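Report on one structure; see the data block that follows.
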Amino acid sequence: MSFDSFSLDQRIMAGILAAGYTTPTPIQTRAIPAVLAGKDVMGLAQTGTGKTAAFVLPLLQRLLNENAPTRGPIRVLVLAPTRELAVQIHQSFFGLGKQTGIRSAVVIGGVGAMPQIKALRQATVAVACPGRLVDLMNQGAVDLSKVSALVLDEADRMLDMGFLPDVRKIMAKLPRQRQNMLFSATMPTEIRSLAESGLRDPVTVQVSNTAPAATVSHALYPVAGSRKQDLLEKLLNDLGQNSALVFTRTKHRAKGLAQKLAGKGFSVTSLQGNLSQGRRQEAMDGFRNGKYRVMVATDIAARGIDCERVSLVVNFDLPDTAEAYTHRIGRTGRAERNGEAVSLVAPEDESQVKFIERSLNLRIERKRLDGFSDNAARAPQYDSQPRTQQSRRPGPAPRKAIDSAATKSLLPVRSGASATSRGDNPTSARPKAAASAGKPRQHSASANAGASARDAQPRSRAAGQSQQAEGPDGDRWMQVWGKAQPKQLLGATGHRGQDARRASAGRKPRNEERSAK
């Protein structure tokens, strides 16, 4: 069968010829006639089967048959889960319908909304991500009252990304009389429920189950987690001039792995959620035109990648589901070309491998490379001569222990209620040296004994640390390394230095002078 059998307009046939299409794919053969007949279609097909052209070509033909205006209002609405896929579908409408004059507009996040609003006013086809379209609907910036055809592309991925509530909100605003098309690689319960509520007597087009394309070969490489990057570099070096797509589980891993590969001299870029729309588009264009030979991406970011030069897909991190495995390896082996899918499997991933094999009814071949295996972790390398232990700077000398008995002799405490009633707190006062008036007082025997014991100990206390003893008249003294002053000279006003000087000069404390006045 050829495209001529569909009786498409010559302007559309010119677009097909320019795109290089020669023979319709199985899904195109089954879906195009149903869409041309105005029937609802539910297509079950994996990526890389030509499903985009399966709805673009008949929708362009229907618009021409209806003599629809080429510059608005919006008659066809296509919803896609990611920006990359939306841009790809928009480019398909533009390329295949270039000779028809039908305009399309793309509505995605990450860029300014005003240019998109202006483009929607002049477009007959709108390709949008659900989140941004709902934002424009809430602003009253988009008119969907004339939509006659709705396409939900990769509906299972929109479910995974949490867009299903937005999709239902959009569908509620559309005219009831419309044609509906839903395409999905898998059919979860939620998507089946959406199809039953939104599609009327749909024609089911299923070209294959969730099994990968027959043109793709599969291999598992058991390898220790610490050797994954080394094995990946080996595979990329053997790739030649073809392109490779490497999948990681997280965007942080994708960014870090791309930087490490770039440091090893590989022509590599990354595609992950933290990139701006401009950076994402630059990465996509560079990968398509051969500027970058390797792309490291996450599952969600890689949706919409359409590069015929991809001959190798590497699962650096194993996917969580069999559907994700199918989506990943669908990036290679496209358009009946041969491709290879390689998974780097650590010992802890073996249970997930068995689950994927059971789900796809597929036995994946195990391969091994010399020096790389699940127990071939890189051994530490040693010099021929043992290294001497590096010297370290000496730390502070250990403090010498102080005899507890001698310490107690340094701190005699007044017995009886006098000390308690006076509320003396030796540690609360900050002793200062004071000039004594008259002859110095003689210390008691206990104080002299304490001083002798103190002198016998090493001077490990910091300067200014106080000790207490009793004077001959029972007054408590504060000793500061040989300097002593009676605590009673500190006064009760808090002006310790001033009161001490006044006492040495035979004057009363300041508060007592003020009281006398």
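Numbers given in the working numbering equal positions in the sequence shown, counted from 1, plus 597.
Even for Gly, the Cβ is constructed at its ideal location relative to N, Cα and C.
Computed from a prediction, not measured in an experiment: that's the story for all the values here.
Contacting residues, own chain, Cβ-Cβ under 6 Å from residue 780 (five flanking each side not counted): Closer than 6 Å at Cβ, skipping near neighbours: 640, 648, 750.
Below 8 Å on the Cβ atoms is my contact criterion, and I expect residue 747 with residue 674 to pass it. Report the Cβ-Cβ distance as a whole number of Å. 5 Å
Determine the closest residue to residue 643 out of 658, 731, 623, with distance taken between C-alpha atoms. In this structure, 623 is the residue among 658, 731, 623 with its C-alpha nearest to the C-alpha of residue 643.
Whether or not the region 692 to 703 and the region 604 to 612 are in contact is what I'm after, with contact meaning three or more pairs of Cβ atoms, one per stretch, closer than 8 Å; do they touch? The region 604 to 612 is in contact with the region 692 to 703.
Which residue wins for smallest C-alpha separation from residue 854, given the options 743, 1104, 911, 719? 911
Run through the DSSP bridge pairs and tell me what residue 735 is partnered with. None; residue 735 has no bridge partner.
Since residue 821 is in the alpha helix (DSSP H), which residue starts that stretch and which ends it? Premise fails: residue 821 is in no alpha helix (DSSP H) and is neither H nor E.
Quick one: Cα of residue 909 to Cα of residue 651, how far? Taking the Cα positions, residue 909 is about 26 Å away from residue 651.
Residue of 879, 618, 743, 676 minimising C-alpha distance to residue 754: 676
Could you give the C-beta distance for residue 700 and residue 817, rounded to a whole number, given that I count them as a contact under 8 Å? Actually they do not touch by this definition, with Cβ atoms about 47 Å apart.
Determine the extent of the alpha helix (DSSP H) in which residue 691 is found, giving its start and end residues. Unbroken alpha helix (DSSP H) run through residue 691: 680 to 693.
Does DSSP put residue 598 in a helix, a strand or coil? coil
CA-to-CA distance, residue 951 to residue 819, given in whole angstroms: 13 Å
Run the CB neighbour count on residue 742, radius 10 Å, all protein chains shown included, and call it buried at 16 or more, exposed below. exposed
Enumerate in chain order the residues of its own chain whose CB-to-CB distance from residue 722 is below 6 Å, with the five nearest sequence positions on each side excluded. 673, 690, 701
In chain order, which continuous runs of the alpha helix (DSSP H) of length 4 or greater are located wholly inside the region 829 to 869? 848 to 860
According to the neighbour-count rule (16 or more other Cβ atoms, all chains shown, within 10 Å of its Cβ), is residue 1013 buried or exposed? In this prediction, residue 1013 has a pLDDT of 47, which is less than 50 and means its spatial position is unreliable; what the coordinates show is noted afterwards. Per the 10 Å Cβ criterion, exposed.
Can you tell which of 773, 1098, 843 has its C-alpha closest to the C-alpha of residue 892? 843
With the cut-off set at 8 Å, would you say residue 767 and residue 828 are in Cβ contact? For residue 767 and residue 828, no; Cβs fall outside 8 Å.
Secondary structure at residue 728, three-state DSSP: helix, strand or coil? helix
Classification of residue 940 by the beta-carbon crowding that lies within 10 angstroms, buried from 16 upward: buried
Length of the line joining the Cα atoms of residue 599 and residue 605: Residue 599 and residue 605 have their C-alpha atoms some 11 Å from each other.
For a quick check, are the C-beta atoms of residue 821 and residue 833 less than 8 Å apart? no
Residue nearest to residue 784 in terms of C-alpha spacing, selected from 603, 801, 621, 777: 801
Strictly by DSSP, which residues pair up with residue 800? 638
Starting from the Cα of residue 894, find the closest Cα among 885, 925, 887, 875 and give me that residue. 925
Three-state secondary structure (DSSP) at residue 913? coil
Exposed or buried, which one is residue 705 when buried takes at least 16 other CB atoms within 10 Å? buried
Beta carbon of residue 740, beta carbon of residue 799: below 8 Å? no
Any idea what DSSP makes of residue 773, helix, strand or coil? coil
Considering only the beta carbon of each residue, do residue 684 and residue 727 sit closer than 8 Å? No. Outside cutoff.
Let's see if you can read the secondary structure: which residues bound the alpha helix (DSSP H) around residue 752? 752 to 757
Nearest candidate by alpha-carbon position, reference residue 618, set 966, 692, 713, 947: 692
Less than 7 Å between C-beta atoms, sequence neighbours within five positions excluded: which residues of the same chain meet that for residue 616? 692, 693
Residue burial classification, residue 715 (beta-carbon count within 10 angstroms, cutoff 16): exposed
So is residue 736 buried or exposed if we call it buried at 16+ other beta carbons inside 10 Å? exposed
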